[in-house]
Each structure stands twice: as C-alpha cells, then as structure tokens.
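Report on the structure given below.
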C-alpha cells in the first residue's frame, strides 16, 4: 500500500540516491498540448533539502520540461527500483529553471560533479511525496553509463552546442517559449 510523506527523510533520500535513472513528467496548460515524459540519468540528481530537489538538465533534442515549467511550474519526478527491493517514489512539486547564463548558475552547478555543464538546472520545491510497492516493475541490472552524450557534446564544442540549442531548444513542440537566452539573443540581433 502506498504512503505519503511530509519530507524526504533519510530512508527516501537513500533510495533516491541509489537509483541510476529517474523520470520527469510535465504538461502544458492547454488540453491540446503534449504531455512530456523524459528519462534521466548520469548522476544528475540531488536532494538539496527535505522538500527540495534539483537535477542537471543536459542539452537534448527538445526542451519540453523547460517550456512547461516556464508556463506553469508543474512537475513530477519518479524513481523506480530496478534492482533490490521493489519501490516507486514520486515527487510532485513546482519547478523552476536556472539556465547556464543565469547569475545563480555557478552556485547551483557546484552541487553536481564534473562532466558536461548542461543547459539548465531544474529546481523542484516538492509539495507531495509518495511511495508505492513497485511490484510490477521488472528487475534490471545496471552495467554502465552511456558515453555518447559527453562525446556528442565534445564533438559539437561550445559554439556547436549553442547553435544546436538555438535550432532545437527555443520552443517546445507546442510552440511555448523554452530557453530564455535564445529569445534574448534573437531580440538583440
């Protein structure tokens, strides 16, 4: 039977920190808009307080989460145990985006280890914390992180990554504004 918690306690934090992958879901306000669900990994998630979490958002083919958070802030993060005892933890809350050009970027980025800087840090003020059995989730064994993202970013270089984000991360698939610096740069050109 599922339980609800007021905070991310030591047991929940330990479970979250042991997971190699998590899922992020957001949606626009429009009923005609597309719901987004994204898998994440690469040691990019941090519990920053009993009611706040953050993750390092890497450059990707879309920017749905960023656009949805800018529009309405709603987000849910889910962790599933693929190894060990079954469990599912969901963190519902309000998220905000700290882009790589923001004043607070350096302080927030320091929470994460070395590697690609990413395009943003997503900070979530958690309002609802639940867990459930996870009995229906299959068991899988972790073998390794995939090296392709870091290699792709290294091949593109800083200029190539900026160009890619201008082309692919300016808006969501529904046309909502995503990366703010892209719009700001376009306005000054």
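Residue numbers (the working numbering): 100 to 288.
From the three backbone atoms N, C-alpha and C, an ideal C-beta is built for every residue, glycine too.
With residue 118 and residue 211 assumed to form a contact (beta carbons below 8 Å), what rounded beta-carbon distance in angstroms separates them?
About 16 Å separates the two Cβ atoms, so there is no contact after all.
Span separating the alpha-carbon of residue 183 from that of residue 154
23 Å
Please name the residue, chosen from 158, 103, 104 and 106, that lies closest to residue 73 on a Cα-to-Cα basis.
There is simply no residue 73 to check, as the chain begins at 100 and stops at 288 in what is shown.
May I have the straight-line CA-CA distance separating residue 140 from residue 285, to the nearest angstrom?
31 Å
Distance, Cα to Cα, residue 164 vs residue 273?
12 Å
Going by DSSP, what residues sit across from residue 47 in a beta bridge?
Outside the shown range of the chain, which is 100 to 288, sits residue 47, and nothing can be said about it.
Does the beta carbon of residue 181 sit closer than 9 Å to a beta carbon anywhere in chain C?
Looking at the structure shown, chain C is missing, and only one protein chain is on hand.
Along the alpha helix (DSSP H) that carries residue 281, what are the first and last residues, could you check?
279-287
Among 258, 275, 214 and 281, whose alpha-carbon lies nearest the alpha-carbon of residue 250?
214
Going by CA-CA distance only, name the one from 201, 111 and 144 that's closest to residue 281.
201
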